[in-house]
Amino acid sequence: MNLLSIPLKNLKVKFFKTVILITVFAIGVTSVVGLQKVSKSVSSALEDKMNKFGANILIYPKSEDVKISYGGIQLGNLSYEVKYLEESETKRKIHSIEFEENISAVAPKLLKTTEIRDKNVGVVGVDWEEEIKIKNYWSINGKIPESENEVILGSKIARILNVRAQDSVLLYGKEFRISGIIQPTGSDEDNLIFMGIQTLQTATNSVDKINFVEVSALCAGCPIDDIVTQIRANLPGAEISAVQKIVKQRMSAVDFVNNLAFIMSLVIVLTACFMIALFMYSSVNERKKEIGILRSIGYSKVNIFCIFTFESLIIGMISGLVGYAGGFFLADKLMDILEIDLKNFFVFTFPEAFLTMLLVAILAGISSMLPSLKAAKITPAEALVSL
Amino acid sequence: MLRVNNVNKFYSNGEEKNHVLKDVSLNIGRGEFISICGKSGSGKSTLLNVLSTLMKPDGGELYYNDTGYHHMKERDLNRLRNNCYSMIFQFHYLIPYLNALENVLLPFTNRLFPVHKKNVEYAKECLDKVDLQGKYERLPGQLSGGEQQRVAVARALVKKPEILFADEPTGSLDDENSREIARIFTDLHAEGYTIVMVTHDITMAGYAEKILNMKDGKIVS
């Protein structure tokens, strides 16, 4: 028997009261854990879906273009020279920024024009592996090119040229097999032919040259502005623009889900803390006599404070553990209801369970701070008068 | 052993101040058994509470073995209560969810270390001394009133205090149990314990070797 036996035995003797309090507190923790898990998963899902809208940072060479307009009518740009970026150098510098891990794709592009059957066509050289990451919205009749002799065509140019997947086209004096046709996207991509960037660079004598790079950087709380600043510092000869609108839309949607979950969690946590405090206050008032006895036999204020705080810590620890397990169950059910198949996003881990238990215990300890202080301040004489 | 010089105590009731102890002075020697008697409101319980450190005096000096404790820090007072002084109240004031042995061990459990085995054995001896052999595991609710008070006596003895303070120890007991408590007190006195007891029971007071009478906050005889 030691100092901690008193709170343990008190909780044991008030079994039903303790169980009810733990249940209520655990329900609070369950709701918070469940909400956090679901919001995290939904955020990831939302982000994943939004990523499919494409890249959010554009890098292109600084140009000497002069915008020509008269009387408010835009007449186009007068370009003195076409500038290129060096592919290898640009990619290396992008990947050398501090927030490199926030970059999900770096897709370089080389734009060229050529003629097929006396028709001018635009050809885009792409790095297939990177391109696919930012063109999740592409729906292809056929498949992505697997060799350098394959290309894919936008829907409109395919119609104009009257070709289908598996047909061949003659480009730069070489025959290419059409591995697939991109279904209409409603953008410029419908008018273009896509081929491997190295193939195009070699065919047009533009080795290591690119016109621009599309960068996709998006993650929860992704510092887009900082990423742009860092790329700009690494590539002083390039124009870098963040597609702010898309970024803001993406971030605000993700933030909304997170903020909603946070506010709800806060309300639940505060309510649970209030309950613990209330329970401990009533416990202190009920046990004034007991405090008086203990003080009269030499227990210090710290001893009394420890007894009451330890009681709430035990309640917190059990609630934290039960709540964490419950949170998983709740999240699982919510995911089923929301029909979101992201269960692999949350995995029960013992360190996380331990951390939750610890956090909830600390929270319960803090909640019981005032009642415990009140108990500690009771003097033996005051307690004896109350007897 | 215990010296009291001109102790005063006031109770405040709004603006009204009630002078409960008026310049009380007394000396208690080692091994003495003293009864403090007096009518209700005479200040005897207040004097006991002041002597036992449960209340602070509003004036005067208190000495235990020539060490003044009227101005002692809280930490030192706790040590005094835990090691040198023991208190027995009119009601047993046992903790209901602890069994008899655990209640007796309470003075040892104000730390994180488990109670030493020899202290557990001594606690059992104390319970045996008050005729509670074989009832160690019983909760207070499973004991009679007299037995509960005897557990409280055992709790007061477990730390081998120098002075035992008792405030109406038989006040809530029937005659038979009162006699049993009186017998225990007589035995403890014989063992050399110093006992200061407040009582209005003349028979109980008769067991003490010295009786102090109080009236209107003063010791009159």
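Chains A and B are the protein sequences, given in the same order.
Just so you know, the first sequence maps onto residues 1 to 387 in the numbering used here.
Just so you know, the second sequence maps onto residues 1001 to 1221 in the numbering used here.
Note that beta-carbon positions come from the ideal geometry of N, C-alpha and C, so glycine has one too.
Because the structure is a prediction, the values reported are computed rather than measured.
Check whether the stretch 1024–1040 of chain B touches the stretch 347–362 of chain A, counting contact only when three or more Cβ pairs, one atom from each stretch, lie closer than 8 Å. no
Residues in the stretch 1100–1115 of chain B with C-beta within 7 Å of chain A's C-beta atoms, listed in sequence order? 1102, 1105, 1106, 1107, 1109, 1110, 1111, 1112, 1113, 1114 and 1115
Whole angstroms is fine: what's the gap from residue 57 of chain A's alpha carbon to residue 210 of chain A's? 16 Å
Counted within 10 angstroms of its Cβ, other Cβ atoms place residue 175 of chain A as buried (16 or more) or exposed: exposed
Since residue 1093 of chain B meets chain A, which of its residues come closer than 8 Å, beta carbon to beta carbon? 289, 292, 293 and 387
Residue closest to residue 327 of chain A, alpha-carbon to alpha-carbon, out of A/348, A/314 and A/123: A/348
Rounding to the nearest angstrom, what Cα-Cα distance links residue 164 of chain A and residue 195 of chain A in this structure? 16 Å
Using only the alpha-carbon positions, how far apart do residue 236 of chain A and residue 124 of chain A sit? 25 Å
I need the DSSP call for residue 41 of chain A, collapsed to helix, strand or coil. helix
Nearest to residue 37 of chain A by CA position, among A/265, A/290 and A/293, is which residue? A/265
Identify the contact partners of residue 20 of chain A in chain B, using a Cβ-Cβ distance below 7 Å as the criterion. Those do not exist, as residue 20 of chain A stays about 18 Å from chain B at its closest Cβ, beyond 7 Å.
Residue from A/351, A/332, A/161 and A/187 with nearest C-alpha to residue 320 of chain A: A/351
Could you tell me the alpha carbon to alpha carbon distance between residue 6 of chain A and residue 1051 of chain B, rounded to whole angstroms? 28 Å
Among A/268, A/141, A/109 and A/172, nearest to residue 185 of chain A - alpha-carbon criterion: A/141
Can you tell which of A/324, A/22, A/143 and A/59 has its C-alpha closest to the C-alpha of residue 231 of chain A? A/59
Do the CB positions of residue 34 of chain A and residue 270 of chain A come within less than 8 Å of each other? no
The stretch 1077–1088 of chain B: positions lying closer than 8 Å to chain A by Cβ: 1078, 1079, 1080, 1081, 1082, 1083, 1086 and 1087
So residue 1054 of chain B contacts chain A; which residues on that side make the cut at Cβ distance below 7 Å? 296, 380, 381 and 384
Would the stretch 367–387 of chain A and the stretch 301–309 of chain A be scored as touching if the rule is three or more Cβ pairs under 8 Å? yes
Let me confirm a value: residue 242 of chain A is counted as buried when at least 16 other C-beta atoms fall within 10 Å, else exposed. Which label applies? buried
What does residue 280 of chain A touch in chain B if you count any residue whose Cβ is under 8 Å from its own? In chain order: nothing, as chain B lies at least about 17 Å away.
Could you name the residues of the same chain whose beta carbon sits closer than 6 Å to that of residue 1096 of chain B, not counting the 5 residues immediately before and after it, in chain order? 1140
Quick check: the stretch 1107–1118 of chain B against the stretch 1181–1199 of chain B, are at least 3 beta-carbon pairs closer than 8 Å? no
Whose C-beta lies closer than 6 Å to the C-beta of residue 1186 of chain B among residues of the same chain, with five residues either side of it excluded? 1207
Contacts around residue 1068 of chain B, its chain only, beta-carbon distance under 8 Å, and the 5 residues preceding and following it disregarded: 1061 and 1062
Could you check what DSSP says for residue 1005 of chain B in three-state terms: helix, strand or coil? strand
Compile a chain-ordered list of the residues in the stretch 1020–1049 of chain B whose CB is closer than 8 Å to at least one CB of chain A. 1049
For residue 325 of chain A, name the three-state secondary structure that DSSP assigns. helix
Limits of the alpha helix (DSSP H) - the one that residue 130 of chain A falls within: 128–134
Local conformation of residue 97 of chain A per DSSP, three classes: coil
Rounded to the nearest angstrom, what separates residue 1099 of chain B and residue 1081 of chain B at their Cα positions? 22 Å
Please report how far the alpha carbon of residue 294 of chain A lies from the alpha carbon of residue 1106 of chain B, in whole angstroms. 8 Å
Alpha carbon of residue 30 of chain A to alpha carbon of residue 315 of chain A, nearest angstrom: 15 Å
For the alpha helix (DSSP H) containing residue 292 of chain A, name the first residue and the last one. 288–296
Residues sharing a beta bridge with residue 1037 of chain B, DSSP: B/1213
Local conformation of residue 202 of chain A per DSSP, three classes: helix
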